[in-house]
Amino acid sequence: MTTTIFVGSVVLLLAVHTGGGASSEPDTEATRRLDPAGPVLTLTPPRGQPGDRIQYHAANLPTCGGPWAVEFGDRVLGETRQVGSVADFRAAVPNRGSRGFQVAGLRCLPIPSMVVQTTFEVLPVTRSSEPTTTWIVPPAPEPTRTKLPTPTTPTTTPTAPADAEW
41 MTTTIFVGSV
51 VLLLAVHTGG
61 GASSEPDTEA
71 TRRLDPAGPV
81 LTLTPPRGQP
91 GDRIQYHAAN
101 LPTCGGPWAV
111 EFGDRVLGET
121 RQVGSVADFR
131 AAVPNRGSRG
141 FQVAGLRCLP
151 IPSMVVQTTF
161 EVLPVTRSSE
171 PTTTWIVPPA
181 PEPTRTKLPT
191 PTTPTTTPTA
201 PADAEW
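Using the numbering used here, read the sequence shown as starting at 41 and increasing by one per residue.
1. Could I get the ranges of all uninterrupted beta strand (DSSP E) runs contained in the region 123-147, with 3 residues as the minimum, in chain order?
2. Hey, could you find the ends of the beta strand (DSSP E) residue 89 is sitting in?
3. Taking just the CA atoms, how far does residue 149 sit from residue 84?
4. Report yes or no: do three or more beta-carbon pairs, one from the region 115-127 and one from the region 92-105, lie closer than 8 angstroms?
5. From which residue to which residue does the beta strand (DSSP E) around residue 156 run?
6. Should residue 145 and residue 162 be called a contact, given that it needs their Cβ atoms to be closer than 7 angstroms?
7. Compute the Euclidean distance between the alpha carbons of residue 154 and residue 138, then round it to the nearest angstrom.
8. Are the C-beta atoms of residue 89 and some chain C residue less than 7 angstroms apart?
9. Helix, strand or coil: which one does DSSP assign to residue 119?
10. Counting C-beta neighbours from all protein chains within 10 Å, is the total for residue 116 16 or more, i.e. buried, or is it exposed?
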């Protein structure tokens with residue numbers, strides 16, 4: 041069973057592996073796992089440059105029974121576990137890869153066909169967005185000239201006692 045939900049420019053896809061052979065009876069296990077509201081994956085912000093921090097937030101997830109792989113394009117960024125029907129993950133936009141719209145998603149590892157996806161727009165790196173370092177260095181103190189005292193040589197004038205003879 042595959043469910044695709046279109047929300048504006050965001051595409052959400054949930055594929056549930058139903059297993060088993062051909063049967064006319066519906067798979068109650070798969071039906072029970074699908075939330076009527078459907079799973080929703082949101083990336084915040086919805087666009088950014090390589091290196092920017094992003095937040096994955098999934099809600100209304102079906103029970104996976106194990107970890108979810110966090111995917112961005114053709115890369116796996118890590119794993120997360122759901123709590124109830126919610127899963128969160130923080131990541132950075134990968135530095136390598138194509139610019140433009142990329143598929144980002146969560147894939148249930150025990151059931152790889154169970155996927156929830158959305159798109160993320162990778163913006164080109166602009167010069168103004170590159171990190172800059174500004175060093176604030178206090179100005180060097182201006183040199184001060186210290187006046188040395190003028191050397192004076194003591195002058196002694198020999199004086200003779202008044203009663204001395206010359």
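The beta-carbon is built from N, C-alpha and C at its ideal position, and this holds for glycine as well.
In terms of the structure at hand:
1. 127-132
2. Residue 89 -> no beta strand (DSSP E), and no H or E assigned at all.
3. 23 angstroms
4. yes
5. 155-162
6. no
7. 25 angstroms
8. Absence of chain C from the displayed structure is noted, only one protein chain being present.
9. strand
10. exposed
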